[in-house]
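Positions in the sequence shown are counted from 1; adding 201 to them yields the working numbering.
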Amino acid sequence: MHKHHALEQRKWVRLTRACNNRCLFCLDCETQDGSFVPLREVEAELRSGLKKGCRRVVLSGGEPTLHPDFVEIVRLASGLGYPHVQVITNGRMFCYADLLGKSVKAGLSEITFSLHGLTAASHDMLVGARGAFAQTVSAISAAVKTPGLIVSSDIVVNRQNVDELADIIRLLYGLGVREYDLLQIMPVGRAWKYWRRLGYDAFKKKSALDKALAWASVPGIHLWTNRFSPARFEGREELIQSPEKLMDEILGRAEMFRAFLREGVRMVCAGARCRYCVLELFCSDLKELRARGRLGRRPAALCLVPARRAARGGVSSHAPVSGPAAGAEISARAGLKAIGAFFVKCRYVVKGGACQSCGRGRECAGADIQYVIRRGFRALFPFSADTAGKRSK
202 MHKHHALEQR KWVRLTRACN NRCLFCLDCE TQDGSFVPLR EVEAELRSGL
252 KKGCRRVVLS GGEPTLHPDF VEIVRLASGL GYPHVQVITN GRMFCYADLL
302 GKSVKAGLSE ITFSLHGLTA ASHDMLVGAR GAFAQTVSAI SAAVKTPGLI
352 VSSDIVVNRQ NVDELADIIR LLYGLGVREY DLLQIMPVGR AWKYWRRLGY
402 DAFKKKSALD KALAWASVPG IHLWTNRFSP ARFEGREELI QSPEKLMDEI
452 LGRAEMFRAF LREGVRMVCA GARCRYCVLE LFCSDLKELR ARGRLGRRPA
502 ALCLVPARRA ARGGVSSHAP VSGPAAGAEI SARAGLKAIG AFFVKCRYVV
552 KGGACQSCGR GRECAGADIQ YVIRRGFRAL FPFSADTAGK RSK
């Protein structure tokens with residue numbers, strides 16, 4: 202899956218609220234009631250995606266392969282006109298050859314397997330199911346031998362597996378998998394309950410993560426990162442998650458965000474966990490948006506503003522201008538999708554290592570994420586602590 206495919210408009214369709222694993226880091230545990238989404242509702246969702254121009258459909262759960270009509274749903278999605286039908290799965294059901302073969306014949310294009318440990322002991326502990334590792338590895342081995350089927354993988358990075366992350370990728374590589382998506386653990390769902398066991402500092406684990414990220418340089422490998430702080434990739438900015446993908450996280454919590462904007466209902470995840478979450482800045486913006494009624498474009502980083510204009514708060518000629526023009530605003534009455542898009546284009550900023558020693562750090566929110574991806578954190582320069590107008594050399 203190349204970068205443009207990662208950004209291609211996709212329709213996510215939930216098939217189940219049931220799972221045969223019990224992952225310690227499950228984001229979705231509150232919704233798991235053991236039920237299957239009726240086929241007619243699945244079909245309605247598939248059709249709505251096509252009307253919106255989606256060309257890829259992602260079947261998810263719970264565990265989607267537990268749905269009794271899974272093969273029929275794949276056939277339906279393909280028959281309705283989706284050129285690419287993907288499933289995200291723990292893979293255990295695919296260790297049975299008949300399900301794998303029937304699904305591919307019905308039109309399944311890609312399987313994304315979740316593998317979180319190097320051994321049965323580590324993986325099975327994380328997913329809460331004895332024997333899961335053996336079944337998942339068996340399914341991967343069969344899938345990579347299936348002509349025309351794309352096989353990719355998800356790894357939720359956490360305290361228990363970060364030190365063996367590079368070796369997990371090596372294991373997947375040996376099995377024949379060439380696409381890896383590294384997902385930083387999020388402080389929601391069951392993960393927050395077990396945060397002391399699962400949470401870790403990605404900056405303190407630089408060595409272990411760098412060994413894993415080195416796989417991105419291997420020919421034929423596609424490695425993606427999700428939910429990590431962009432600052433973690435200083436010097437490797439090409440590995441920063443595409444800002445547009447943040448919309449998946451925002452829309453995945455749409456009900457909570459809309460309730461907050463419309464009625465002021467407190468976000469259930471607000472509080473101590475925010476500093477660990479990739480959406481911390483977005484949620485801060487939502488609070489400001491609700492209080493003020495509208496927000497404008499965030500000012501450019503002070504080090505990117507010419508010195509003669511910095512004192513007047515001028516917008517840097519070096520700052521990127523993309524999406525809505527400078528000076529554009531978003532209203533609290535706008536739809537969540539529009540608010541999210543405005544944030545990504547006009548208010549998503551980050552800080553790098555140089556910012557930590559900047560004498561004007563408290564005055565500056567950071568640099569535009571798109572600018573940093575294009576130019577690198579090296580384009581940012583700290584002001585000396587003893588002067589407001591001179592940049593350190």
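From the three backbone atoms N, C-alpha and C, an ideal C-beta is built for every residue, glycine too.
Assignment of T337 by DSSP, reduced to helix, strand and coil, places it in the helix class. According to the DSSP assignment, F271 belongs to the alpha helix (DSSP H) that extends over 271 to 281. Membership of G497 in the beta strand (DSSP E) is indicated by the continuous run 495 to 497. In this structure, I531 sits away from P431, with a CB-CB distance that is not shorter than 8 Å. Check the Cα spacing between V573 and each of R563, A555, T290: the tightest is with A555. Measuring C-alpha to C-alpha distances from V479 to each of L247, E439, T426 identifies T426 as the nearest. Runs of the beta strand (DSSP E) lying entirely within the stretch 310 to 369 and spanning at least 3 residues, in chain order: 311 to 315, 351 to 358. Distance from the CA of A392 to the CA of V275, rounded to the nearest whole angstrom, comes to 31 Å. Residue burial is scored here from C-beta neighbours: Q557 has fewer than 16 other C-beta atoms within 10 angstroms and is therefore classed as exposed.
Taking the Cα positions, L440 is about 23 Å away from E311. Between E273 and N222, the CB-CB gap reaches or exceeds 8 Å. Runs of the alpha helix (DSSP H) spanning 4 or more residues and lying entirely within the stretch 383 to 454 occur at 391 to 394, 396 to 399, 407 to 414, 447 to 453, in chain order.
According to the DSSP assignment, S249 belongs to the alpha helix (DSSP H) that extends over 240 to 252.
Per DSSP, the unbroken alpha helix (DSSP H) holding K538 starts and ends at 537 to 543.
By the Cβ-count criterion, Q210 is exposed, with fewer than 16 other Cβ atoms from all chains shown falling within 10 Å of its own Cβ.
Our two residues, G329 and A322, have alpha carbons roughly 10 Å apart in a direct line.
In this structure, G262 keeps its C-beta atom at 8 Å or more from the C-beta atom of K212.
Distance between A542 and F483, taken at the CA atoms: about 11 Å. Taking all protein chains shown into account, L452 has fewer than 16 neighbouring C-beta atoms within 10 Å of its C-beta and is therefore exposed.
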